[in-house]
Amino acid sequence: MKFLALDGFNLIRRIFEARHAETDADMASVVLAATQSLKRALSQHKPSHAAVVFEHHDRTWRHLLYPEYKQNRSATPALLVNHLADFEKAFQMLGVTSCSVPSYEADDVIGTIARVVSDHHGDVVILSTDKVYLQLISTHIEVFDHFNEVKRDSDYLNKQFGIEVGQYIDYLALVGDKSNNVKGVQGVGPKSALQLLDEHKTLENILQSEDNSAPIRKVQQAAHDAIRSRQLVTLKTDVELGLNLKTFRL
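Numbered according to this note's numbering, the sequence shown spans residues 1350 to 1599.
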């Protein structure tokens, strides 16, 4: 089994913004371009199963944990939301089912799909430019930047950051995730975070360290922020999908 999981809004919003769509008439070309992108991905990756995962844009468990979550983002344009059904119909014409789960982000749904498929010894390609998915990388799971044609696997993570896959969540916990308004630890940037993880391996070890260096003190003094940030960036992999994998067979 090879499963292609597409982050729906990541795909269509980039196309929407690139084409500067302003009217219902403009949306026809956006739907067509998104459909062509999906068709290209199917041809390139040759999956046996595929899904385009959307989200409801309602409040999720992350907003309950941290009300400021994603407050730095502009709302999804109503024009795009109003034509969501057109995208779903066009994708279905290619045999690809769209899905979403109320109160969960697409990230968590894709994380769950990836876990279920890999547990069945299947391979997963996640199509998205969102680097939060890098935490899911394994021998069975890779992330693919469809727009820049970049494969993101464990080798990419090691070359780009010099860390192992298992350290990526701790890296985000330290530096934050600005795209989602997750602040991390104030005063700890990428360079310091990578040095800390190189020396101490995990956030837990950093918090328990008796080292009195300035970077260690910053993290320990902001332990609550670091732990909360880690919770926010960690993807759920146990969402109740209410769907069988057979639903997504091509």
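Glycine included, every Cβ here is placed at the ideal spot set by N, Cα and C. Quantities reported herein were computed from a predicted structural model and do not represent experimental measurements.
Here's the rule: buried if 16 or more other CB atoms are within 10 angstroms of the residue's CB, otherwise exposed. What is THR1579?
Along the sequence shown, read from residue 1 onward, the residue named residue 1579 stands at position 230. Note that residue 1579 is Arg in the sequence shown, not Thr. Classified as buried, ARG1579 has 16 or more neighbouring CB atoms from the shown chains inside 10 Å of its CB.
Please work out which residues of its chain come closer than 7 Å, Cβ to Cβ, to ILE1518, disregarding the five sequence neighbours upstream and downstream, and give them in chain order.
As a working mapping, residue 1518 is identified with position 169 in the sequence shown. Only GLN1484, ARG1579, VAL1582, THR1583 meet the Cβ criterion.
Helix, strand or coil, according to DSSP, for ALA1370 in the structure here?
Your numbering for residue 1370 matches position 21 in the sequence shown. Three-state DSSP puts ALA1370 in coil, outside helix and strand.
Just list the residues that DSSP pairs ARG1501 with in beta bridges.
Sequence index remark: in the sequence shown, residue 1501 carries index 152 (1-based). Looking at the DSSP assignment, ARG1501 forms a beta bridge with VAL1492.
What's the C-alpha gap between VAL1380 and GLN1441?
Against the sequence shown, residue 1380 aligns to sequence position 31. Against the sequence shown, residue 1441 aligns to sequence position 92. Cα to Cα, the separation comes out at about 12 Å.
Would you kindly work out how many angstroms separate the C-alpha atoms of HIS1394 and CYS1448, rounded to a whole number?
Within the sequence shown, the letter at position 45 stands for residue 1394. Within the sequence shown, the letter at position 99 stands for residue 1448. Answer to the nearest angstrom: the Cα atoms are 20 Å apart.
Nearest-angstrom Cα distance between VAL1402 and SER1562?
If you number the sequence shown from 1, residue 1402 lands on position 53. If you number the sequence shown from 1, residue 1562 lands on position 213. For VAL1402 and SER1562, the distance between alpha carbons rounds to 44 Å.
Shortest alpha-carbon distance to LYS1567 belongs to which of GLU1548, ALA1542, VAL1458?
Start at 1 with the first residue of the sequence shown, and residue 1567 comes out as number 218. Of the candidates GLU1548, ALA1542, VAL1458, the one whose C-alpha sits nearest the C-alpha of LYS1567 is ALA1542.
Select from VAL1499, ALA1399, LEU1556 the residue whose C-alpha is nearest the C-alpha of VAL1466.
Sequence index remark: in the sequence shown, residue 1466 carries index 117 (1-based). Here the closest residue by C-alpha is ALA1399.
Among ILE1364, HIS1406, HIS1432, which residue has its Cα nearest to the Cα of GLN1420?
The residue labelled residue 1420 in the question sits at position 71 within the sequence shown. With distances taken between Cα atoms, GLN1420 lies closest to HIS1406.
LEU1599 and SER1397 look like a contact to me (Cβ under 8 Å); what is the Cβ gap, rounded to whole Å?
The residue labelled residue 1599 in the question sits at position 250 within the sequence shown. The residue labelled residue 1397 in the question sits at position 48 within the sequence shown. SER1397 and LEU1599 do touch by the CB rule: their CB atoms are close to 6 Å apart, below 8 Å.
Where do the ends of the beta strand (DSSP E) carrying LEU1353 lie?
Looking up residue 1353 in the sequence shown gives position 4. From DSSP, the beta strand (DSSP E) with LEU1353 extends over 1351-1356.
Helix, strand or coil at ALA1424 according to DSSP, with G and I counted as helix:
Here residue 1424 corresponds to residue number 75 of the sequence shown, with the count starting at 1. Reduced to three states, the DSSP call for ALA1424 is coil.
Local Cβ density within 10 Å of ALA1354, reported as buried at 16 or more and exposed below that:
Position 5 of the sequence shown, counted from the start, is the residue given in the question as residue 1354. So ALA1354 ends up on the buried side.
Within the same chain, show all residues whose beta-carbon is closer than 6 Å to that of GLU1417, passing over the 5 residues directly before and after it, in chain order.
Here the question's residue 1417 lines up with position 68 in the sequence shown. The beta carbon of GLU1417 is closer than 6 Å to those of ASN1530 in its chain, skipping five residues each way along the sequence.
CB-CB under 6 Å to TYR1482, same chain, minus the five flanking residues each way: which ones, in chain order?
Within the sequence shown, the letter at position 133 stands for residue 1482. Excluding residues within five positions, the ones whose Cβ falls inside 6 Å are ILE1475, VAL1492.
Could you give the first and the last residue of the continuous beta strand (DSSP E) run that contains ILE1475?
The residue you call residue 1475 lines up with position 126 of the sequence shown. Where ILE1475 is concerned, the enclosing beta strand (DSSP E) stretches over 1472-1476.
Quick check on ALA1377: does DSSP put it in helix, strand or coil?
Taking the first residue of the sequence shown as 1, we reach residue 1377 at position 28. If DSSP states are grouped into helix, strand and coil, ALA1377 belongs with the helices.
Could you check what DSSP says for THR1446 in three-state terms: helix, strand or coil?
Here residue 1446 refers to the residue found at position 97 of the sequence shown. Three-state DSSP puts THR1446 in a strand.
Assign ARG1501 to one of two classes, buried (16 or more other C-beta atoms within 10 Å of its C-beta) or exposed (fewer than that).
Taking the sequence shown and counting its residues from 1, one reaches residue 1501 at position 152. Buried, by the Cβ-count rule.
Distance CB(THR1586)-CB(GLY1460) smaller than 8 Å:
Indexing the sequence shown from 1 puts residue 1586 at position 237. Indexing the sequence shown from 1 puts residue 1460 at position 111. Yes, they are a contact pair.
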